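Visitor: Let me give you the structure first, and then I'll get to my questions.
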Amino acid sequence: MSIPIFSSRPPEQRKTRAVGIDLGTTNSLVAVVAEDGQPKILLGDDGQALVPSVIGFEVDGQLDVVGAEADDHLAERPDRTIYSVKRMMGRSADEVVSELGMLPYRVHRDDQSAAVRIQVGDRRYTPPELSAFVLRELKHRAEKQLGQVVDRAVITVPAYFNDAQRQATKDAGRLAGLEVLRIVNEPTAAALAYGLDRRPEGRIAVYDLGGGTFDVSILHMHAGLTEVLATSGDTHLGGDDIDQLMVASVADQIESAGLQVRGHLDRVQRLRKAMIQLKIALSSQESAAVKVELGGPLPLELAWDRADFEALIAPLVERTLGPCRQALRDAGLQPTDLDEVILVGGSTRIPLVRRKVQELFGRVPQSGIDPDQVVALGAAVQADIMTTGRRDMLLLDVTPLSLGIETVGGVVTKLIQRNSPIPASATDEFTTSVDNQTGVVLHVLQGERELVKDCRSLARFVIPVAPLPAGLPRVGVTFLIDANGILHVTGRDVRTGQEKTIEVKPSYGLCDEEVVRMLTEAYDHAEDDWAARQFIEARTEAEQVVAATEHTLAGPAGTRIDDEERDEIQSRIGSLRAAIGTRQIDPVREALSRLNDVTLHLAELALASTLNDVVHDAKLAGRIENDAPEAAERLKHGHHRPGVMGH
Amino acid sequence: MAYSDKVLDHYNQPRNVGSLSKDDPNVGTGVVGAPECGDVMKLQIKVNAQGVIEDARFKTFGCGSAIASSSLATEWVKGKTVAEAATLRNTDIVQELNLPPIKIHCSVLAEDAIRAALADYKAKQDAATKSEV
Amino acid sequence: MAILNDSAVEPGTPPAESPPPFVVDSDGKVDLDRWSGPGEPPPDAFTVLGLPRRLLLDPKHLDLRFRSLIRDLHPDRFHVSGPDAVRKAERHSSLANDAYRALRDFERRVRLLLELEGHAVDEKFRPSPALLGQVLEINEALDALQEALADGAPAAAAAARGEIAATGRELGDARQALSDRLYDAARRWDAAQAPDAAADLASLARRDLRAALGEASYLDNLLARVQAALLPTQAPTPTQS
């Protein structure tokens, strides 16, 4: 039996949606699995799939605009238009310094943590805060498209990202008001998208050359199970580097002709944009030319042959082959063992890249799904797997880097080897070397090299122990790498069995207090978000009430009200629709409540008519003669006032 | 785990690296290896007429602790008599360098290398004495 | 590393004479309270996957067991059930992952099984003087190569590479012979597990396994360095950035 009361969906069903986000160096995308089970990219108002990962600020350092519009201002506002944030995520300022040469904005080193801060006006931002601006833009885009609140996301990262970089990405998600369901590796996400699309079986290599990073993964796909066998890469190799090479080469020529480029931020940016145009053109043409206005007497025309371009970038492309061989070795496979090679990332459109990949793997690489979109699509699939409980697909990933601890001589003793399937764990026992020591210091490192100085310091922490003679305390430490590739540590006093979770402060990351502080600082935005979310909820309810009212008006109950009542209801439906158009929550609530006031009678009629049907049916069946009126009474005056919204 | 300056010192600037002539009858050579980590250690001593070790050299391929252990071992045996050198124990090295349990085998290796070198020297001396007789 | 060959296996066929995996209860359901965490010693890899303690496992069976288990255990399956279930699933799936990693490589499996039986690899094993001589030689050649590369002396580098390659070939042959010895000893050990097998067969096989393993790991370390030195294009080892 169905009762046409004006209710919305059952409350236990979540009204919010989970999306997949490809947070890229150059561009970002958001996707969702639609009702038909297929992932699709959510487009912006401009009909574009890509959101440039560019953030524009006001002169005083307040956020202005994110995406394409910010990208358009790159040349005019080079010092307050931030791009390539991803390359700074989870890294120290010193590491980033090597890239400073061509960055037009100001990068600072935080004295306390050695972490990167980007200064705009008088404000300083951390990389996660900046990424959060991009994520928030994607969240808004998705909410607008879906008409639903989006509060959970799967976010992708390069497979070769270390713990600190993953943690920073997770922090960015939190700062953007998203529950990060999972951090997924980009090549693996791509494989998931292919997995859903074509259900390939066997061994697959994914070659992912993005804007700023290079990854290669070897996977085994079997009956919906996507198992990563090995992964390798370079977190500092991508399209950005190609652009920089081109700019540097052209800048040399221009400067030798007497026009200074370096040091003129706007000229560098104009040149960079022109070079990107040229690069894209050279993927489909043998030669191309662009005009660029650098403030000289005439616009400069730059003409390149593909051969020049290829000669310039060949060393970069060559650098991707080492990690490919390494991944194959780690997977214990020969190129001939592979069933397919998949290309991911915009830079794989470059013909030289395709040729080199084909040479190395001995087969023509595939790019059936748009290489710019495939990662976001796969992330949406993973979000779907995690929120719907679907069981036909599962992703088994590996940790890209070995995890170890520092031992005497500055040597790293490995506890978890690279390419171990995750979650993975290791337990080790430690003791003291001096009498009455009150703690044992553990230095956790990630990387493949033997010496501490060559590995990435993840964390240093002290495990407290009761003061005892040297060698007597026994501390068991368990390292767990979760499915996101992020480390958790628990320590246990072996003698007492007492367990404690050790807080791991990522070396260049944000600690919890910092995230909380930033969340508080971002309270204004949070309020915006909250308002938007409230509005979306109210609108959804309003739309459902309108639909239900109209449905009832057209049904048997509708014939039992007079024209005046009918006109009043319809006029108030009109007002409610107009209120929805204002995108303001208060008018919607107001109009909704006014509509509810005049539909009570209609709702009662509808209920009565339904109950009559029920009673009639029951009588026919010779049952529940006495229960029915009571039930009708209960429904009429019961807790469930039809048509009234919850707020 | 704080390192004593000694470890870092030996690790960064190992003493007595090099080789002595293997065929010199006054030189004892010990080559040992640790299967656990693939380390290999060659330790040589040169003994003078008074039975005092006047020079010691080593060549170690392995981790920092192994290098530090063998470097320390050569420093210690220099100036000692053959009999004194034979009393050197790996635990002395562990104590001096403050080695963690996971690296104790490095000190064992150094002890073994000294013993092997002493044994080689004795064997050469015995052979020489025999041929003299 | 052993190469898996599982393309012919259909999901759902359990290995013939295996017990159920550790985390599966008597009703065939996954029990996430089976292991309480690091405070309690974790079950061994064979127990986790529900496989008999044998050295020569059918890789197809191993893959099958692991995959069906991880399909049920992976934390992604439990996100809808809340953070507590996810944590338990993380713990239990790390058990399964670690067990799979330990068993799918033949030599790691031998090492593990010996440890379980209370016979760790012989710590006292000392390489023969002849082998140690080769090891020193190769290490010296590796050093010479590095020096030559640093000084930009191609002729000296080529000479050093030649020396490394020659010794490397000898070591490679020795390693192959060791693998054969290991497989042979493993077969004998498995056979000795039969109830009617003579007791000394097992201990004999075990002694051979321990000796061969000790030598094998020694040679592997060496061969890895040889390989790295001889790579055609000096492929950089993946570094942290």
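Residue numbers (our numbering), protein chains in the order written: chain D, 1 to 647; chain H, 1001 to 1133; chain Z, 2001 to 2241.
All C-beta atoms, glycine included, are put in the ideal place defined by N, C-alpha and C.
None of the values given here were measured: they were computed from a predicted structure.
#1: Is the stretch 117-136 of chain D in contact with the stretch 76-90 of chain D, if contact means three or more CB pairs nearer than 8 Å?
#2: So, helix, strand or coil for G56 of chain D, using DSSP?
#3: What whole-angstrom Cβ distance do A327 of chain D and T235 of chain D have, given they're in contact under 8 Å?
#4: Buried or exposed: where does G2152 of chain Z fall if 16 or more other Cβ atoms within 10 Å of its Cβ makes it buried?
#5: Whole-angstrom Cβ separation of V477 of chain D and D428 of chain D, contact assumed at under 8 Å?
#6: Just the C-alpha distance for D2084 of chain Z and N162 of chain D, rounded to the nearest angstrom, thanks.
#7: Measure from the C-beta of L2226 of chain Z to each C-beta in chain H and report whether the shortest distance is under 9 Å.
#8: Please list the terminal residues of the continuous beta strand (DSSP E) segment that includes L175 of chain D.
#9: Given that a residue counts as buried once 16 or more other Cβ atoms are within 10 Å of its Cβ, and exposed if not, what is P297 of chain D?
#10: In chain order, which continuous runs of the alpha helix (DSSP H) of length 4 or greater are located wholly inside the stretch 1013-1101 of chain H?
#11: By how many angstroms is the C-alpha of D1055 of chain H removed from the C-alpha of V1047 of chain H?
#12: Since T387 of chain D meets chain Z, which of its residues come closer than 8 Å, beta carbon to beta carbon?
#13: Between the Cα of A426 of chain D and the Cα atoms of D:I536, D:L415 and D:N436, which residue gives the shortest distance?
#14: Select from the stretch 1099-1133 of chain H all residues with a C-beta closer than 7 Å to any C-beta belonging to chain D, and list them in chain order.
#15: If we define contact as Cβ-Cβ less than 9 Å, is K1059 of chain H a contact residue for chain Z?
#16: Between which residues of its own chain and P299 of chain D is the CB-CB distance below 7 Å, once the five residues before and five after are set aside?
#17: In three-state DSSP terms, what is Q382 of chain D?
#18: Quick check: the Cα distance between A172 of chain D and L135 of chain D, rounded to an integer number of angstroms?
#19: Pick out whichever of D:E541, D:I313, D:A557 and D:E565 has its Cα sitting closest to the Cα of A579 of chain D.
#20: Hey, I204 of chain D and D339 of chain D are a contact pair by Cβ (cut 8 Å); roughly how many whole angstroms apart?
#21: Give the residues of chain Z in contact with E499 of chain D, contact being defined as C-beta atoms less than 7 Å apart.
#22: So what does DSSP say about Q417 of chain D, is it helix, strand or coil?
#23: Chain D partners of P2075 of chain Z, CB-CB under 8 Å?
#24: For K170 of chain D, count neighbouring Cβ atoms within 10 angstroms of its own Cβ and tell me buried if that reaches 16, exposed if not.
#25: Three-state secondary structure (DSSP) at A621 of chain D?
#26: Roughly how many whole angstroms lie between the Cα atoms of R539 of chain D and A168 of chain D?
#27: Listing by chain order, which chain H residues have their CB less than 7 Å from the CB of S232 of chain D?
#28: For the alpha helix (DSSP H) containing I2070 of chain Z, name the first residue and the last one.
#29: Identify every residue that forms a DSSP beta bridge with E406 of chain D.
#30: Would DSSP call I561 of chain D helix, strand or coil?
#31: Could you work out which residue in H:T1087, H:I1067, H:Q1044 and H:I1104 is closest to S1021 of chain H when comparing CA atoms only?
#32: In chain order, what residues of the same chain have a beta carbon less than 7 Å from the beta carbon of R583 of chain D, not counting five sequence neighbours either side?
#33: What are the start and end residues of the beta strand (DSSP E) that includes D64 of chain D?
#34: Taking its Cβ as the centre, do 16 or more other Cβ atoms sit within 10 Å of K1059 of chain H, making it buried, or is it exposed?
#35: What alpha helix (DSSP H) runs, 4 residues minimum, are completely inside the stretch 173-241 of chain D?
#36: Inspect the beta-carbon positions of I155 of chain D and I21 of chain D and report whether they are closer than 9 Å.
Guide: The short version:
#1: Yes, the stretch 117-136 of chain D touches the stretch 76-90 of chain D.
#2: In the first sequence, counting from the first residue as 1, residue 56 of chain D sits at position 56. It is a strand residue.
#3: Indexing the first sequence from 1 puts residue 327 of chain D at position 327. Indexing the first sequence from 1 puts residue 235 of chain D at position 235. The Cβ separation is near 15 Å, so there is no contact.
#4: Locating residue 2152 of chain Z in the third sequence gives position 152, counting from the first residue. Label assigned to G2152 of chain Z: exposed.
#5: Along the first sequence, one-based indexing puts residue 477 of chain D at 477. Along the first sequence, one-based indexing puts residue 428 of chain D at 428. Contact between V477 of chain D and D428 of chain D is confirmed by a C-beta separation of about 6 Å, below the 8 Å threshold.
#6: By 1-based counting over the third sequence, the position of residue 2084 of chain Z is 84. By 1-based counting over the first sequence, the position of residue 162 of chain D is 162. Their Cα atoms are separated by approximately 26 Å.
#7: For this step, residue 2226 of chain Z is matched to residue 226 along the third sequence. In the sequence on display, residue 2226 of chain Z carries Val and not Leu. So, not an interface residue.
#8: On the first sequence, residue 175 of chain D is found 175 positions in, with the first residue counted as 1. Premise fails: L175 of chain D lies in the alpha helix (DSSP H), D163 to L175, not in any beta strand (DSSP E).
#9: Position 297 of the first sequence, counted from the first residue, corresponds to residue 297 of chain D. Under the 10 Å beta carbon count, P297 of chain D is surrounded by fewer than 16 other beta carbons and is classified as exposed.
#10: With a minimum length of 4 residues, the unbroken runs of alpha helix (DSSP H) contained wholly in the stretch 1013-1101 of chain H fall at 1064-1077, 1082-1085 and 1090-1097.
#11: The residue given as residue 1047 of chain H occupies position 47 in the second sequence. The residue given as residue 1055 of chain H occupies position 55 in the second sequence. Cα to Cα, the separation comes out at about 7 Å.
#12: Here residue 387 of chain D is taken as the residue at index 387 of the first sequence, counted from 1. The answer, in chain order, is H2079 and V2080.
#13: Taking the first residue of the first sequence as 1, we reach residue 426 of chain D at position 426. Of the candidates D:I536, D:L415 and D:N436, D:L415 places its Cα closest to the Cα of A426 of chain D.
#14: Going along the stretch 1099-1133 of chain H in chain order, one finds L1099, P1100, I1102 and K1103 with a Cβ nearer than 7 Å to chain D.
#15: Counting from one through the second sequence, the residue named residue 1059 of chain H turns up at place 59. K1059 of chain H counts as touching chain Z.
#16: Looking up residue 299 of chain D in the first sequence gives position 299. Correct list, in chain order: K291, V292 and E293.
#17: Taking the first sequence and counting its residues from 1, one reaches residue 382 of chain D at position 382. Reduced to three states, the DSSP call for Q382 of chain D is helix.
#18: Your numbering for residue 172 of chain D matches position 172 in the first sequence. Your numbering for residue 135 of chain D matches position 135 in the first sequence. Whole-angstrom Cα-Cα distance: 8 Å.
#19: Here residue 579 of chain D refers to the residue found at position 579 when the first sequence is read from its first residue. Of D:E541, D:I313, D:A557 and D:E565, the residue nearest in Cα terms is D:E541.
#20: Indexing the first sequence from 1 puts residue 204 of chain D at position 204. Indexing the first sequence from 1 puts residue 339 of chain D at position 339. Right, their Cβ atoms sit about 6 Å apart.
#21: Locating residue 499 of chain D in the first sequence gives position 499, counting from the first residue. For the C-beta of E499 of chain D, the chain Z residues within less than 7 Å are, from N- to C-terminus, G2039.
#22: Against the first sequence, residue 417 of chain D aligns to sequence position 417. Note: Q417 of chain D maps to coil in three-state DSSP.
#23: The residue given as residue 2075 of chain Z occupies position 75 in the third sequence. The answer, in chain order, is P423, D482 and A483.
#24: As a working mapping, residue 170 of chain D is identified with position 170 in the first sequence. For K170 of chain D, the number of other beta carbons within 10 angstroms of its own is at least 16, and it is reported as buried.
#25: Walking along the first sequence from the start, residue 621 of chain D turns up at place 621. With a pLDDT of 46 at A621 of chain D, under the threshold of 50, the modelled position of this residue cannot be trusted; read the value that follows with caution. A621 of chain D falls in the helix class under three-state DSSP.
#26: Within the first sequence, numbered from 1, the residue matching residue 539 of chain D stands at position 539. Within the first sequence, numbered from 1, the residue matching residue 168 of chain D stands at position 168. A168 of chain D has its alpha-carbon roughly 35 Å from the corresponding atom of R539 of chain D.
#27: Here residue 232 of chain D corresponds to residue number 232 of the first sequence, with the count starting at 1. Correct list: empty, because the minimum Cβ distance to chain H is about 24 Å.
#28: Looking up residue 2070 of chain Z in the third sequence gives position 70. Note, I2070 of chain Z: alpha helix (DSSP H), P2059 to L2073.
#29: Residue numbering aside, residue 406 of chain D sits at position 406 when the first sequence is read from its first letter. For E406 of chain D, which the question treats as bridged, DSSP gives the partners D:V412.
#30: Residue mapping note: residue 561 of chain D aligns to position 561 of the first sequence, counting from 1. Here I561 of chain D sits in coil by DSSP.
#31: Indexing the second sequence from 1 puts residue 1021 of chain H at position 21. Among H:T1087, H:I1067, H:Q1044 and H:I1104, the Cα nearest to that of S1021 of chain H is on H:Q1044.
#32: Sequence index remark: in the first sequence, residue 583 of chain D carries index 583 (1-based). The answer, listed in chain order, is F535.
#33: Counting from 1 along the first sequence, the entry for residue 64 of chain D is found at position 64. The continuous beta strand (DSSP E) containing D64 of chain D extends over residues L63 to V66.
#34: Counting from 1 along the second sequence, the entry for residue 1059 of chain H is found at position 59. It is buried - the Cβ of K1059 of chain H has at least 16 other Cβ atoms within 10 Å.
#35: For the stretch 173-241 of chain D, whole alpha helix (DSSP H) runs of length 4 or above, ordered along the chain, are 186-198.
#36: Counting from 1 along the first sequence, the entry for residue 155 of chain D is found at position 155. Counting from 1 along the first sequence, the entry for residue 21 of chain D is found at position 21. Yes, the pair counts as a contact, with Cβ atoms nearer than the cut-off.
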